[in-house]
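Colleague: Everything in the sequence shown is counted per my numbering, starting at 3 for the first residue and increasing by one.
Sharing a structure below in C-alpha cells format, with a few things to ask.
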Amino acid sequence: MGQACTLSGEGRCASRRVLAILLATILTACSASQSKAPPAPTLGATAASEREFLALREWFASSSASERAALDEKFATFCARYPGDPLGPVARALRALGSLEGGEIGRATSLAADALAGPPGTARDLAILVFGAAERRSGRPRDALVRLKPLLHKLIDPFATAMLDEELTRAAMADDDGAAAVRFMTIWLDEVSKSERPRVLEVIVALIGELSAEPLLAALEREVTASDAYLVRMRKAMARRLAEIARDRSDVALARKLLARHEALLGAEGEGVARLAADTSRERVIEGTVGLLLAVGTVDAEHRSAEVVAGVSLALGVGSGARLVVRDDRGRPSEIDAALAELVADGAAIIVIGIDARHLPPALRLSRENGVPVVLLAPDTEASQRSSPRVFLAGMEPALSTGMLAARMRERGARVVAALGSPMLDGVTVRGGSNGVGLELNCARIPPTAELRRENVDALIVVDGAPCATAARVLARELGAQLAIGLGADLAMRHGGSRALSHRANAALGNGATVTVGHDAEHAVVRGVRRGLATPTMLSWASAGVFPVVEAPPEPRLVDWFASGRDAPSWWTAVARDAAVLAGAAARHAKSAESADAVAASRLAAAEALATATSALWTSDATGFDSDRRIPRAVSIHSAGSR
C-alpha cells in the first residue's frame, strides 16, 4: 500500500511512518474473529492523502452529531480528490455514520454497503456499526444485538466505541433484556472518555428509570466491588429505582432486601424503604398519637405545609401529652395512600390531613374503610364530610368566606369575580366556579392582566390563607377592580398592629382613600377619597375568630404567641393549631392496641372524644366541633371604599 520510500525522499518517508503508526493505533479494529490474519493498518496512497484524511478524521471525532453530518461534503471532496485511495472506504464509512446521526438511515446504509462487503479492517467495522445501529433504529433490536456484539471491546477509536456501547445498551432495552442492558451500561460508562462521563451517566440514570426490579437487583448483587466514582453513582441510581419500585408495589420483601444488603446506596430513599420494610400493612394505635400528612413538590404546597407544621407543633408541643408522627405525599398523588398507610402503621389514632385538595378523597376512603378519625384542613367543597361519621372539618367551607365576599362584591356592581388561591391544585384554572366565583386561579400561575381583562374580571378575591395578596393588590390597581381579602391573607394581617393593618388596607385601595381599622374590624371609616377618580377600588375583608389579627393590643387568645416575638399567625397556622389542639386531646382517649378488635375500639374511642373535645380556638369563637363535626364560625364581611 502506498508508494515505496526512496533515499531522496527520506524526510517524507519519516513523516509517512509516523502517520502510519498513528493511523494504525486510532483507526484499526482488531478483526481476528473475522480473519485469522492480523489486520494491517489502512494507509493512504500518498502522504498528502494521509495528512488530509487524518485532519478530517480528528475533526469528525471531536464534533457533535449535527456537526458530523455537516462534514459529509468534505469527506466527499476527499474521495473525489483521491479516487481509489485505500482510505476512501473509511471516509465513506464515516460519511455513513454522519448520515446515521443526522437521521438518514437509508443513505447511511447505502454509503456503508461497499465497506460491509469488503475485507476486515476499520472500514468494515465502522460499516457493521452503521448497519447495526440502523437495525436498532428501525425497530429490529434483536438483529442489531446479533450484528453488534462481536465488535464489543474491539473498536479502538473512542467515538466509535462510545456509539457502539450506546447502541448495544439501547438495543438491549428495546429487546426487553434488562440484564444485558445493565451490563452494556456498565461497559459504556467504563469505556467512555473522561470528559463525556457526566453526560453519559445522566443518560444511563434516565434509562435505569425504565428498568424492572429483577435485572437491577441482580446487577447490585453481582457488582459488589465497584470503586469507580461514576460506577458507584450508577449503582446508587439503581438502588433508588429499586426503592421506587418497592414503594409502588408496596413490596415489603424487596424493601427488606434493599435495606439489608444495599442500605449505603439508598441515601435519602433509605427512610422510606425502612418504613416499608417495617410492613405498613400492619394497623395499630399508640395512645396519644396524632398523624399529620404534609404536601410537597410545589412552592404553594410547601408554603402551606410549613405554616401547618408551625401550628401543629405549637398545639402538640411540650406538655400536651401527645405524640406526633409526620409523613409527606412526596409531591405525587399516587403516594398519598402509601403515606397514609405509614401513618396508620406508626400508630396514629387521629390523622390531620388536607393541605392539598388531592388529599381529601384518600382521607375519606381511609376513614370509611378503616375507621380512622380524620380532621380535614382543606375546604370540603363536596361536603363529603357530612356523610362520613369519623371525618371532622377544621377548615373553612368556601361559602362562609369566599362566597360571602363574592356576594358583597356583586352587591357593589361586580360582574366577573376571580378567586386567587383556589383550588389548591397548582396550575389549575377553573371557569364557572362555585360560590359566586366565575374564575378560580392558583397563586402559582396567575394570568397576566391582559388575559384577565379579556375575561372581563372586575373583582378579585384572595382566598383564606392564600399567599398572593401582594399580586392581587397589583392586579386590582391595574384592572380598576374591587379587591377582597379572605381570612388570614397576608395583606390584612401581617406585621402587626391596627396601624399596620390600616396602612396595608390603604395601600390596597390605592385610590386616595384613608382607612382606619379598629381591633374588632367593625370600625372601618373611609375618608379623603380623591374626587374625579372614575372607578375607585373597593376593599372588602372577612373576619372570624382572632382574624384579622392586630398586635396592639393583642387579642387575649394571642397574648402568649406575640409574647414570644413572632409575627402574626397565618390562617393555615391557626387552622392547623386548632385542629391539632382538639385532635391531641382526643388521641389521649385512644388506648394502645394491635389486634384488629382492639384497634377498632381504640379508633371509635378517639372519634367519640374528638366529637366532644373543647379548647379555646383561634379561628372561631366556638370551642369545638358542632353536631355536623365542623368547627362553626361566625364570619363577618367588612368593606371600605366605593364603586
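Note that beta-carbon positions come from the ideal geometry of N, C-alpha and C, so glycine has one too.
1) Any heavy atom of the ligand GDP closer than 6 angstroms to the beta-carbon of Ala598?
2) Classify Val352 as helix, strand or coil using the three-state DSSP reduction.
3) Could you please give the first and the last residue of the uninterrupted beta strand (DSSP E) stretch that includes Thr291?
4) Ile2 by DSSP, collapsed to three states: which one?
5) Quick check on the DSSP output: what are the complete alpha helix (DSSP H) runs of length 4 or more inside the stretch 176-241, in order along the chain?
6) Relative to the C-alpha of Ala95, which candidate in Pro85, Gly105, Arg109 and Asp192 has its C-alpha closest?
7) Are at least three pairs of beta-carbons, each pair with one atom in the stretch 304-318 and one in the stretch 568-579, less than 8 angstroms apart?
8) Classify Asp331 as buried or exposed, calling it buried when 16 or more other Cβ atoms lie within 10 Å of its own Cβ.
9) Quick check on Leu342: does DSSP put it in helix, strand or coil?
10) Whole angstroms is fine: what's the gap from Ile487's alpha carbon to Pro469's?
11) Using a Cβ-Cβ cutoff of less than 6 angstroms, which residues in the same chain neighbour Leu326 once the five nearest sequence positions on both sides are dropped?
12) Residues in the same chain with beta-carbon distance under 8 angstroms from Phe161, minus the five sequence neighbours each way, listed in chain order, please.
13) Which class does Asp358 belong to by DSSP, given the choice of helix, strand or coil?
14) In chain order, which alpha helix (DSSP H) runs of at least 4 residues are fully inside the stretch 576-637?
15) Reducing DSSP to helix, strand and coil, say where Asp87 ends up.
16) Could you pull out every residue in the same chain whose Cβ sits closer than 8 angstroms to the Cβ of Arg590, ignoring the five residues on either side in sequence?
17) Helix, strand or coil, according to DSSP, for Pro556 in the structure here?
18) Which residues in the same chain have their Cβ closer than 7 angstroms to the Cβ of Glu54, if we skip the five residues on either side of it in sequence?
19) Grab the span of the alpha helix (DSSP H) containing Ile130 for me, first residue to last.
20) Cα separation between Ile639 and Leu402?
21) Taking Leu294 as the reference, which of Ala546, Glu309 and Val184 has the closest Cα?
22) Just to confirm the assignment, what range does the alpha helix (DSSP H) spanning Phe55 have?
23) Does the beta-carbon of Gly349 have 16 or more other beta-carbons within 10 angstroms, so that it is buried, or is it exposed?
24) Using the Cα positions of Val301 and Ile448, report the straight-line distance between them to the nearest angstrom.
25) When you compare only the Cα positions, how much space is there between Pro571 and Arg360?
26) Verify whether the separation of the beta carbon atoms of Phe564 and Pro556 is less than 7 angstroms.
27) Going straight from the alpha carbon of Ala49 to that of Leu73, what length do you get?
28) Quick one: what's got a C-beta closer than 6 angstroms to Ser424's C-beta in the same chain, skipping five residues either side?
29) Taking the alpha-carbon of Gly120 as reference, which of His264, Ala421 and Leu89 has the nearest alpha-carbon?
30) Roughly how many angstroms separate the alpha carbons of Arg632 and Val377, rounded to a whole number?
31) Since Ile463 is in the beta strand (DSSP E), which residue starts that stretch and which ends it?
32) For Val551, which of helix, strand or coil comes out of DSSP?
33) Tell me which same chain residues have a C-beta within less than 6 angstroms of the C-beta of Glu304, skipping the five on either side of it?
34) Alpha carbons only, please: which of Arg370, Glu52, Arg139 and Leu218 is nearest the one belonging to Ala245?
35) Can you tell me whether Ala607 is buried or exposed, with buried defined as 16 or more other CB within 10 angstroms of its CB?
36) Quick one: what's Ile639 bridged to in DSSP?
Modeller: Quick look at the numbers:
1) This structure lacks the ligand GDP; in fact it carries no ligand of any kind.
2) On the sequence shown, position 350 is the one that residue 352 refers to. The sequence shown places Ile at residue 352, rather than the Val named in the question. Strand, per DSSP.
3) For the purposes of this step, residue 291 is taken as the residue at position 289 of the sequence shown. Thr291 to Leu296 is the extent of the beta strand (DSSP E) around Thr291.
4) This structure does not reach residue 2, given that the chain is present from 3 up to 645, and the question cannot be answered.
5) 180-193, 199-210 and 215-224
6) To locate residue 95, count along the sequence shown from 1; it is residue 93. Checking every option, the nearest Cα to that of Ala95 belongs to Arg109.
7) yes
8) As a first step, residue 331 is located in the sequence shown; it is residue number 329 there, counting from the start. Burial call: buried.
9) Sequence index remark: in the sequence shown, residue 342 carries index 340 (1-based). Leu342: helix per DSSP, three-state reduction.
10) Taking the sequence shown and counting its residues from 1, one reaches residue 487 at position 485. Taking the sequence shown and counting its residues from 1, one reaches residue 469 at position 467. Near 11 angstroms, if we compare the C-alpha coordinates of Pro469 and Ile487.
11) As a first step, residue 326 is located in the sequence shown; it is residue number 324 there, counting from the start. If we look at Leu326 and ignore the five residues flanking it on each side, its Cβ neighbours are Val292 and Leu318.
12) Taking the first residue of the sequence shown as position 1, residue 161 is located at position 159. Phe62 and Ala63, listed in sequence order.
13) For the purposes of this step, residue 358 is identified with residue 356 of the sequence shown, where counting begins at 1. Reduced to three states, the DSSP call for Asp358 is coil.
14) 598-614
15) For this step, residue 87 is matched to residue 85 along the sequence shown. In the structure shown, Asp87 sits in coil (DSSP, three-state: anything other than H, G, I, E or B).
16) Residue numbering aside, residue 590 sits at position 588 when the sequence shown is read from its first letter. Once the five neighbours on either side are set aside, the close Cβ partners of Arg590 are Glu289, Gly290, Gly323, Ala324 and Ala611.
17) Your numbering for residue 556 matches position 554 in the sequence shown. Looking at Pro556 - three-state DSSP - the assignment turns out to be strand.
18) On the sequence shown, position 52 is the one that residue 54 refers to. Here the set comprises Phe80.
19) As a first step, residue 130 must be located in the sequence shown, where it is residue number 128. Ile130 -> alpha helix (DSSP H) spans Thr124 to Arg139.
20) Counting from one through the sequence shown, the residue named residue 639 turns up at place 637. Counting from one through the sequence shown, the residue named residue 402 turns up at place 400. Ile639 and Leu402: Cα-Cα distance of roughly 10 angstroms.
21) The residue you call residue 294 lines up with position 292 of the sequence shown. Per the Cα distances, Glu309.
22) As a position in the sequence shown, residue 55 is number 53, starting the count at 1. Its alpha helix (DSSP H) spans residues Ala49 to Ala63.
23) The residue labelled residue 349 in the question sits at position 347 within the sequence shown. Its Cβ being crowded by 16 or more others within 10 Å, Gly349 is buried.
24) For the purposes of this step, residue 301 is identified with residue 299 of the sequence shown, where counting begins at 1. For the purposes of this step, residue 448 is identified with residue 446 of the sequence shown, where counting begins at 1. Distance between the alpha carbons of Val301 and Ile448 is about 14 angstroms.
25) Indexing the sequence shown from 1 puts residue 571 at position 569. Indexing the sequence shown from 1 puts residue 360 at position 358. Pro571 and Arg360: Cα-Cα distance of roughly 25 angstroms.
26) Reading the sequence shown from its first residue, position 562 is the one you call residue 564. Reading the sequence shown from its first residue, position 554 is the one you call residue 556. It is a contact, given that the beta carbons lie within the stated cut-off.
27) Your numbering for residue 49 matches position 47 in the sequence shown. Your numbering for residue 73 matches position 71 in the sequence shown. For Ala49 and Leu73, the distance between alpha carbons rounds to 22 angstroms.
28) Taking the first residue of the sequence shown as 1, we reach residue 424 at position 422. Only Glu442 and Val465 meet the Cβ criterion.
29) Looking up residue 120 in the sequence shown gives position 118. Gly120 has its Cα closest to that of Leu89, out of His264, Ala421 and Leu89.
30) Position 630 of the sequence shown, counted from the first residue, corresponds to residue 632. Position 375 of the sequence shown, counted from the first residue, corresponds to residue 377. Whole-angstrom Cα-Cα distance: 9 angstroms.
31) One-based indexing of the sequence shown puts residue 463 at position 461. Run containing Ile463: Ala461 to Val464, per the beta strand (DSSP E) assignment.
32) Numbered from its first residue, the sequence shown carries residue 551 at position 549. DSSP places Val551 in coil when its eight states are reduced to three.
33) Translated into positions along the sequence shown, residue 304 becomes position 302. Excluding sequence neighbours, Glu304 sits near Val298.
34) Here the question's residue 245 lines up with position 243 in the sequence shown. The shortest C-alpha separation from Ala245 is found at Leu218.
35) Locating residue 607 in the sequence shown gives position 605, counting from the first residue. Buried, because 16 or more other Cβ atoms sit within 10 Å of the Cβ of Ala607.
36) Counting from one through the sequence shown, the residue named residue 639 turns up at place 637. In the DSSP output, where bridge partners are listed per residue, Ile639 has Ala544.
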